[in-house]
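Chemist:
Protein chains: 2
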Amino acid sequence: MPVKTYHHPDLRNTLLEAAVALIGEVGPRAFTLREVARRAGVSHNAPYRHFDSRDDLLTAVALEGFDRLTRLMQKTLAPGKTPIERLELCGCGYVDFAIGWPNHLQVMFDLAPAPHTHGQSQSHDHVGENAFLVLLNCIKAAQSSGDLPAGDPMALALTAWSLVHGIAKLAIGGNLQLDRKATIAFTHKAAQTLYGGMAKKTTRLPSSAQRPASPKRK
Amino acid sequence: MPVKTYHHPDLRNTLLEAAVALIGEVGPRAFTLREVARRAGVSHNAPYRHFDSRDDLLTAVALEGFDRLTRLMQKTLAPGKTPIERLELCGCGYVDFAIGWPNHLQVMFDLAPAPHTHGQSQSHDHVGENAFLVLLNCIKAAQSSGDLPAGDPMALALTAWSLVHGIAKLAIGGNLQLDRKATIAFTHKAAQTLYGGMAKKTTRLPSSAQRPASPKRK
DNA sequence: AATCAATGTTGACGCGAGCAACATTAGATT
DNA sequence: AATCTAATGTTGCTCGCGTCAACATTGATT
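Residue numbers (this note's numbering), protein chains in the order written: chain A, 1 to 218; chain B, 1001 to 1218.
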């Protein structure tokens, strides 16, 4: 029997886990700071000792999501034999994550367009970049093996990411009208189609884009 | 001088316009039914005579968005000479819409996964389908002209949609780190890459997917 | 033992969603 | 024309949520 202490052993993590679970159940819109506190068995204001605000907690949830996504992709792509196979599995892992935790993905990508105030958002970008690097490394490996032509790997990676992200988002929204298995199969086919086009000729980013660079959006 | 009548001439449209404007300014999260009413110069409860709830109004905003997207795509693709050019312009129009009205796009795609209760969501799907049909028709035209190989046009259209939707969403989120012009240029390149792959061999949907069909998600 | 900073609690304020009851007006019926 | 009715707009509430302020408890440091 766990003793109920005034000072919680590790409230921050408890809150984070509760938040992740709640997001999975009700989505970001119905997500409530007070409900998280309730589930953690603390008062409605306790979370403020660990998170600045509701949005801050959601940011932490997003970071956790990027971590899980990265791990899942790395695990998913493991059984691939050829670089191109591994690249495909990487994308399928991404889509599978999205289907499995659609609300979590939404928190990761569709919350606060982040005007790139380099505060917390920096580590946000950093962790998100980890997931991207998995894909980028797959691209580079495929280039080394000759499965993909040499050239700017960044442009290829962004293109592949776009395709896979689009499939993920549309699948979540029910726009593809496919069940989970069929969606993964569709991802395979789409990826093969894209790689076919990549093999034809190199694709380059417009010269104005050097990454990493300061964003000049809007 | 417009006379202030108790009964508003066309409150529903006034509210819708105000809602669209508010969404554009503050996004779906800060969007408030009461603020819409305020801007329309009406009491906080008047909207309920025209919309069931806040979500219902947002659904109407989404529908309006799909209408605008469809019109913009049709207008954008007009100057294209060859079917493949028109296809590309279609995708670029999609991305341009997304960059221009990111919040509106979010309302259109990232609100309430809609468990397909065939009430309002039916017309939602219908209007969204109109935008999709523009793309689908481009694909079919490209197939007729021989620019794309014969085969299931639906699979090709869904693949192209995924790529373009992914670019749009990632661009909005700042993940591509490109400004508007560079993003459009990137879209062009990505589209060409994909079409190159499509031209290689036909891509098919898995047999379990016949559209239109009842969705079997989850 | 005494103190302090960290951590959790209680209570309050303001705001928005939505419900109910009331007010006003446009049209249809007579 | 006078009246009735349904549609439409308003006022006033309740409830929950985010957040701030003030207070309480506790583990660590001196």
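Backbone N, C-alpha and C fix where the C-beta goes; we use that ideal spot for every residue, glycine too. Being a predicted model, the structure only gives us computed values, none of them experimental.
#1: Would you mind listing the alpha helix (DSSP H) stretches within the segment 1019 to 1048 of chain B that are 4+ residues and don't spill past its ends, in chain order?
#2: So Lys1189/B and Gly196/A are in contact, right, with Cβ under 8 angstroms, and what is the actual spacing, rounded?
#3: Check whether the Cβ atoms of Val42/A and Leu22/A sit closer than 9 angstroms, and answer yes or no.
#4: Please return the same chain residues whose Cβ sits closer than 8 angstroms to the Cβ of Phe132/A, not counting the five positions on each side in sequence.
#5: Under a three-way DSSP split, which group does Gln177/A fall into?
#6: Please report whether the beta-carbon of Ser1145/B lies at a distance below 9 angstroms from any beta-carbon of chain A.
#7: Checking 9 angstroms against the spacing of the C-beta atoms, do Asp1110/B and Lys169/A come in under that value?
#8: Give me the Cα-Cα distance between Glu64/A and Leu105/A, rounded to the nearest whole angstrom.
#9: Does DSSP classify Asp1147/B as helix, strand or coil?
#10: Nearest-angstrom Cα distance between Ile1184/B and Arg180/A?
#11: On the premise that Leu1011/B lies in contact with Ala1033/B, defined as a C-beta separation below 8 angstroms, what is that separation, rounded to the nearest angstrom?
#12: Suppose contacts are defined by Cβ-Cβ distances below 9 angstroms. Is Asp52/A in contact with Val127/A by that definition?
#13: Find the residues of chain B that neighbour Val164/A, judging by a C-beta separation of less than 9 angstroms, and give them in chain order.
#14: Helix, strand or coil for His7/A per DSSP?
#15: Residues of chain A with CB closer than 7 angstroms to the CB of Asp1223/B, please, in chain order.
#16: For the candidate residues Glu129/A, Ala182/A, Gly173/A, Leu135/A, whose alpha-carbon lies nearest to that of Glu159/A?
#17: What distance in whole Å lies between the Cβ atoms of Ser145/A and Gly79/A, which are believed to be in contact at a cut-off of 8 angstroms?
#18: Can you tell which of Glu1085/B, Val1164/B, Leu1178/B, Thr1187/B has its C-alpha closest to the C-alpha of Gln1143/B?
Modeler: Let me spell this out:
#1: Whole alpha helix (DSSP H) segments, 4+ residues: 1033 to 1039.
#2: Not a contact, Cβ separation roughly 15 angstroms.
#3: no
#4: Ala157, Trp161
#5: coil
#6: no
#7: yes
#8: Take the alpha-carbon of Glu64/A and the one of Leu105/A: they are about 11 angstroms apart.
#9: coil
#10: When rounded, the separation of the alpha-carbon atoms in Ile1184/B and Arg180/A is 31 angstroms.
#11: Sequence inspection shows Leu at residue 1033/B; the Ala mentioned does not correspond to that position. Contact flag wrong, Cβ pair sits at about 14 angstroms.
#12: no
#13: Ser1162, Gly1166
#14: coil
#15: This structure gives no information on residue 1223/B, because the portion of chain B shown stretches from 1001 to 1218.
#16: Residue identity differs from the one stated: residue 159/A is Thr in this sequence, not Glu. With distances taken between Cα atoms, Thr159/A lies closest to Leu135/A.
#17: The amino acid at residue 79/A is misidentified as Gly; the sequence shows Pro. Not a contact, Cβ separation roughly 17 angstroms.
#18: Residue Glu1085/B is the option with its Cα nearest to Gln1143/B.
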